[in-house]
Amino acid sequence: MNLVNFAYGLLLLLAAFVFQTTLTGINRKVVARLQRRRGPKFYQQFIDIFKALSKGSTTHGWVFDFGVIMALGGIMATAIFIPFGPLKAVPGMDNIFIIAYVLAVGMLGMAMSASGSGNPWASIGVSRALTNMLAYDIPFMMVVFGLIFAFDSSSLSGLAAIQREGGLLGWNVLRFPLGGIVAMISLQGMLGKKPFDSFIAPAEIASGPMVEYGGRHLGMLFLLHEYSTFIEVSLIVHLFFGGGATVLEFMVKYAVIYTFLNLVSNVLPRFKIDQAVTFFYKVPLAMAVVQTFLIIFLGMGVA
Amino acid sequence: MTFDIVVILMFLGAFSAYLISKASLKAGAYATTVFSLGALAVLLMGRSEIGSEFSVLFMNFEVTVIGWYFSGVMVLVYAMTSFFNSFWMDKMMYPGSYNFLYLFSLAGTLGLFFASDLITLFIFWEVVVWSSTFIIPMGKSRRAAVVYYTISSIGSMATLYGIMLVYRISGTLVIQEAFVPLKEDPLTATVVFVIFVMAGLTKIGIFPFHIWLPLAHGSAPHTFSPVLSGGLVKMGAFIAYMSVAILPAYEAFEGSLKIMGIPLQLYFLMILGAISIVLGTLMAIKQEDAKKLIAYSSVANGGYILIGILMMDQLSFAGSMMHLFNHAIASAAAFLAIAVVAYRTGTTKISELGGMIHRMPLTYLTYLIAIISLAGIPPMGGFVSKWLIIQGLADRGLMFMALAAFFGSIGSFLYVFRPLAAVFLGQLKPEHEHLKSEPLMMKIPMVILMVLILYFGVLPKWLLGIIGEIQVAAGIEPVMMSGNTILAVNGVLNTLNVFMIFGFGFLISLIIFLLMQKSRRVGLMDTYTSAEFIYTPELYHYAGAFYAPFERLYQNHPSVEKFLGAIAWKFHELGTVVNALFFSHKPAVTVFWTSVILVMITLGGAGI
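Heads up: the protein sequence lines correspond to chains A and B, in order.
So the mapping is simple: the numbering used here equals the position in the first sequence, first residue as 1, plus 904.
So the mapping is simple: the numbering used here equals the position in the second sequence, first residue as 1, plus 81.
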C-alpha cells in the first residue's frame, strides 16, 4: 500500500459522497411525489449538509467531539474498502468480515458521542439501535456465511465476479432466493428505514442518538449517514446482485435497490423494538438458517 | 535451567511476600509486583530454553511451547494486576495472606503449565484451586467461594479419576506417553477424553459449569477478578488443549460418527461451547453489576476459545490461541478499569455510577480500548482472533457454531457498551463531583495493557509466529502469514493496512472537524429536556435496565442455577421426610421402629 492508494481512497470517498447524496436528494423528490408533494430540489441534500457544517454548535465535552470524529473516520475508512463497481482503492481488502467489523467502529463512535452528551434520550436511542443491530445482523451474517462456504471466497469483488460469470441467472438473489429476501429485509434494518426505525423515532424519543447535535457535529453525522448508506447498499449489490462490471452498471443497480427500499419504507408503519427483534428472529433468521442449510448440506444453488 | 529456578523462586517469593507483609503491608503488595514482573522477564528471556526438562523433588517438568505461551499470558495478567494490590491492603481482612496466596497461585499455574507427568499436573492444579478458593471470600461473599470450590472440585475429581484410569491402562504417568495406548481403544479414549475435558470445562466456565464465574468474578476482591477472568480461566483451556491435542482426539475418534468432518464427541462439546456463547451474551446483557457483566462475557469468550481448540485446524485453532491472549489482556484491562472506579466510588453497580469520564479519563480510555477488543472490532487484537475463528468455521461449514459466534460478537456490542454509557458517560452524580483521578501506580498497568491490545491488533506477526510453533508442535498446519498479511483459505487480512486506512479516515474526519467553526462548551445538564426544568443529574441518567425491551423477551428463561436450586430443595425435602420418619423425638415413633425391627428379626430368624 502506498500514497497512490490513499489518493484513490480520497477520490472514492468523494465519488461515493456525490453519488449517494444526489441519490438521497432524488429520493426525497420521489417520496414527495408518492405523498403528492412537489418535493425539494434534487440538490437540497447538499445544501442541508454544507449549511449544517458551516453553522455554530455546542459541545458537551471532549468525548462528544471525539466520538463524532471517530464515527465519521471509521465509516469513511469502511467506505474506502468498498469496491465502487470494478474500482478498488485498496486491492485485497474487501473482505466481508473486515467491512462488517470496521463498520462497527463508526457505530461505536456515534453511540459513544451520543451518550457522552449526557442526554438520556440519546442513550435510549443507542440502546434501541444496538438491539436493532443484534436483530438484523445475525440473519444477514448467516446468509453471508453460506455464500462464503459456497464460493470459497469472502472478498466482495470476488463474490461479485463469480456471479457475473453466470449472467443474470448467476446473481445470488436468484440462485439463493431465500437468502436474497433475508438480505433485503436486513438491509432495510441496517439503513434504519421503516419498519425498523424505532431508534430515531423523532416523535417518541426526540430523534434518539441525534438529539443533542447541531452545526458541524450534525453536518458530520449527515455525512456519516450518507457513507453508511453507501456501504450497506453496496454490500447487497456486490453480494446478491452481481456487483458491477462497469461503474455505470453498479450505479444503476444501486439506485434501483435504494429507491425500492425507500418506497417500501414510506408505506410501512414502525415496529416497536421488541417486535423488530421477534420478527427478525422468527422470519428472516429461520429463512437464513434454511438457506445456509440448503447450501452447506445439499449444495443447492452452488454451481 | 532458568525455569526450575523460576518455579522454585515463585514459591519462595510467596512466602517472603507474606513475611514482608508482616513488616509492612504496602511493601508486601509491592513484593507481589516485583516477583511477578521478575517471572515475566525470566519467561521472556528464557524462550530459547523451550524444550528443556527438569525435576524438583519427585515432580517432573518439561517446558513446551504451549506451556511457555500459557504461562506468559498468565504471568502478564498477574504482573499487571499486582500493581493494584497495594491500594486494597487496608480494605482486606487478611492482607498478608492475600499477598501470599496471590503469588502462590501464580507459582501453581506455572508448575501446571510446565508439568510433564500427570501427578505433577494434578498437584499444581490443586495448588491453584486451593489458593484461589481462599482469596475469593476476601471480597464480598463467602458463598461465591463455596460455589467456586464445589465446581472446581468436580474438575479436580475428574482429573484424578482420569489420571488413575490412564495409569491403569498405560502404566505410565508421563504425559507424552500415557495416552498412546488409548488410540487403539476408542471407547476408553472417549471416557478418558470426557473426564479430562470436563475438568477443562469447569475451569473455562462452559455451560453447564459456568455458574461459578459470575459469582466468583463478581464478588472476588477487585484486584483478583482480573486474574480470575484473564488468567485462571485459561487453565481450563490448557486442559482442553491437552485432551484434544495430546490424546489426540481426532486420531482416537477416527472411527466414530462424524458431522462435517468433526467426530461426534467433539461436535457435542462444540455445541456446549456455542451454548456458552449465547448464554454468556444474553446474561451479560441483563446484568446490573459491571463486574458480573464482564464475568458473563468471560463465559461467552470461553465458548469461542473452546470451539477453536476443538477444531484443531490451521485457522480456528490459531484464532483460539490468539483469542486466549487477547481476551486475557482485554478482560483484565476492563476489570482493572472497573476496579479503579470501585476504588474511588466504592461501588460497581452500574446504576449508581455515571459520568466517570469527567473525573478519570485514562480509565475511560482503558475501558474503551479493552471493550473494542472484547467486541472484536478492528484495529484491536480481539478482531484478528475472532476473524480467524470465523474464517475457520466458514471453511468447514459449521453453521450452528457460526450462528452462535455471530450472535456472541454482535451481542457483545450491547453488553460492553452498557458500562461505557452508564458508568463512564452520561451525567456525573453530585456526590462524585469531587472524586480524584486515578493514582499513578494504577495508570502504569492500564497504559501497558492498552498499548499491548492495540499493538497485537495492528502487528500480530510475533504472536502468530509463536502460535504457529504451537500448531507445529501439535502436528497441524501452522497459520500462514506473508508480511503483515494473514493468509486464510477464504480471504486475507492485512492488519497494518486496516489500521492505516482507519487512521486515514480518522485524519480526514479530524480535518473536517477542525476546519469548521469552533463549538461552544456547555454543561451536561444543558441539554434538550422536552421543555421540563430538571435540576437533579442523578435522575437524568439512563442506566438501569438499559436494554429493557430486549431483556423482556427472555425474562422467563430456564437456568442452571434454578435447576440446581430445585434439586437442592428436593434434597432438603427428602431430608425432612427422613428426619420426621426416623429421627423424631416422639416416643411413639421410637417404639414403632423398635417393634418393626424386632418383628423383622423374629421373622428373619424364623426363616433360617
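All C-beta atoms, glycine included, are put in the ideal place defined by N, C-alpha and C.
| message | Counting only C-beta atoms, is B:L763 closer than 8 Å to chain A at any point? | response | Nothing about residue 763 of chain B can be read from this structure; chain B reaches only from 82 to 689.
| said: Could you check whether A:I1052 and B:N565 sit closer than 8 Å to each other, using their CB atoms as the reference points? | reply: No; because the gap between Cβ atoms is not below 8 Å, this pair is not in contact.
| field | Touch test, the segment 133-144 of chain B against the segment 187-199 of chain B, Cβ-Cβ under 8 Å, three pairs minimum | value | With the cut-off at 8 Å, the segment 133-144 of chain B and the segment 187-199 of chain B touch.
| query | Mind checking if A:R1079 is an interface residue toward chain B, Cβ cutoff 8 Å exclusive? | reply | Under the Cβ criterion of 8 Å, A:R1079 is not counted among the residues facing chain B.
| task | Indicate whether at least one CB of chain A lies closer than 8 Å to the CB of B:R440. | result | Output row for B:R440: interface = no.
| Short-range partners of chain B found in the segment 1049-1074 of chain A, where Cβ spacing is below 8 Å | In summary, the residues of the segment 1049-1074 of chain A whose CB is separated from some CB of chain B by less than 8 Å are F1049, G1050, I1052, F1053, D1056, S1057, S1058 and S1059, in the order they occur in the chain.
| query | Can you name the residues of chain B whose CB is closer than 8 Å to the CB of A:E1116? | reply | By Cβ distance, chain B contributes T608 and Y609.
| said: I need the DSSP call for B:I292, collapsed to helix, strand or coil. | reply: Look at B:I292 here: in three-state DSSP terms it is coil, with no helix or strand label.
| said: On the DSSP letters alone, give me the boundaries of the beta strand (DSSP E) that B:N141 sits inside. | reply: Secondary structure note for B:N141: its beta strand (DSSP E) is the uninterrupted segment M140 to E143.
| request: Measure the beta-carbon distance from B:V325 to B:M393 and round it to whole angstroms, keeping in mind my assumption that it falls under 8 Å. | output: Contact between B:V325 and B:M393 holds: their C-beta atoms lie close to 6 Å from each other, under 8 Å.
| Where B:T608 sits in the DSSP three-state scheme | Note: B:T608 maps to coil in three-state DSSP.
| field | Contact residues within the segment 614-626 of chain B, judged by C-beta distance below 7 Å to chain A | value | Within the segment 614-626 of chain B, the qualifying residues are Y621, H622 and Y623.
| query | Going along the chain, which residues of its own chain have a beta-carbon closer than 7 Å to the beta-carbon of B:M219, five neighbours each way excluded? | reply | The residues are M173, M174, Y175, Y179 and P302.
| request: Give the DSSP bridge partners of B:I343, in chain order. | output: Paired residue(s): B:I340.
| query | If you count every other CB in all the chains shown that lies within 10 Å of the CB of B:S102, and 16 or more means buried, which is it? | reply | In summary, B:S102 is buried, with 16 or more beta-carbon neighbours lying within 10 Å of its beta-carbon over all protein chains present.
| First and last residue of the uninterrupted alpha helix (DSSP H) at A:V1194 | A:V1194: member of the alpha helix (DSSP H) spanning P1188 to F1197, first to last residue.
| field | 8 Å Cβ cutoff, B:P55 in contact with chain A | value | Because chain B in this structure spans residues 82 to 689, residue 55 of chain B falls outside the shown range and cannot be described.
| task | Measure from the C-beta of B:M597 to each C-beta in chain A and report whether the shortest distance is under 8 Å. | result | Between B:M597 and chain A, the shortest Cβ-Cβ separation is below 8 Å.
| query | By the criterion of Cβ-Cβ separation under 8 Å, what are the contact partners of A:D1041 in chain B? | reply | Within chain B, the residues near A:D1041 are F487 and I491.
| said: So that I know if they touch, is there some Cβ in chain A lying closer than 8 Å to that of B:I453? | reply: Chain A contact via Cβ: present.
| task | List the residues of chain B that A:Y1005 touches, going by C-beta distances under 7 Å, in chain order. | result | A:Y1005 reaches chain B at G457, I458, P459 and F464, counting residues in chain order whose Cβ is nearer than 7 Å.
| message | Determine, for B:L495, whether the minimum Cβ-Cβ distance to residues of chain A falls below 8 Å. | response | At least one chain A Cβ lies under 8 Å of B:L495.
| task | Could you please tell me which residues of the segment 1017-1047 of chain A, in chain order, have their CB closer than 8 Å to any CB of chain B? | result | Correct list: S1019, G1020, S1021, G1022, N1023, P1024, W1025, S1027, I1028, V1030, S1031, R1032, L1034, T1035, M1037, L1038, D1041, I1042, M1045 and M1046.
| said: Along the chain, where does the beta strand (DSSP E) containing B:V573 start, and where does it finish? | reply: Per DSSP, B:V573 belongs to the beta strand (DSSP E) from V573 to N575.
| For A:K959, does the three-state DSSP call read helix, strand or coil? | Coil.
| field | Closer than 8 Å to chain B by CB, A:N999 | value | Chain B contact via Cβ: present.
| request: Report the neighbours of B:V573 on chain A: residues whose CB is nearer than 8 Å to its CB, in chain order. | output: Chain A residues near B:V573: G996 and N999.
| What residue range is occupied by the uninterrupted beta strand (DSSP E) comprising B:L568? | From DSSP, the beta strand (DSSP E) with B:L568 extends over T566 to L568.
| Three-way DSSP call (helix, strand, coil) for B:V137 in this model | Reduced to three states, the DSSP call for B:V137 is strand.
| message | So, for A:Q948: in the same chain, excluding its five sequence neighbours on each side, which residues have a beta-carbon less than 6 Å away from its beta-carbon? | response | Answer for A:Q948: G929, listed in chain order.
| field | Three-state secondary structure assigned by DSSP to A:R941 | value | A:R941: coil per DSSP, three-state reduction.
| query | When the Cα of A:T1182 is compared with those of A:P1043, A:A1015 and A:V1030, which residue comes out closest? | reply | That would be A:P1043, whose Cα lies nearest to the Cα of A:T1182.
| message | Would B:A475 pass as an interface residue toward chain A - the criterion being a Cβ-Cβ separation below 8 Å? | response | Taking 8 Å as the CB threshold, B:A475 lines the interface with chain A.
| said: Using DSSP's beta-bridge definition, name the partner residues of A:F988. | reply: Under DSSP, A:F988 forms a beta bridge with A:L991.
| chain B contact residues for A:V967, given Cβ-Cβ distances below 8 Å | Chain B residues near A:V967: I438, Y445 and L506.
| message | Can you tell me where the alpha helix (DSSP H) holding B:S401 begins and where it ends? | response | Where B:S401 is concerned, the enclosing alpha helix (DSSP H) stretches over S397 to T426.
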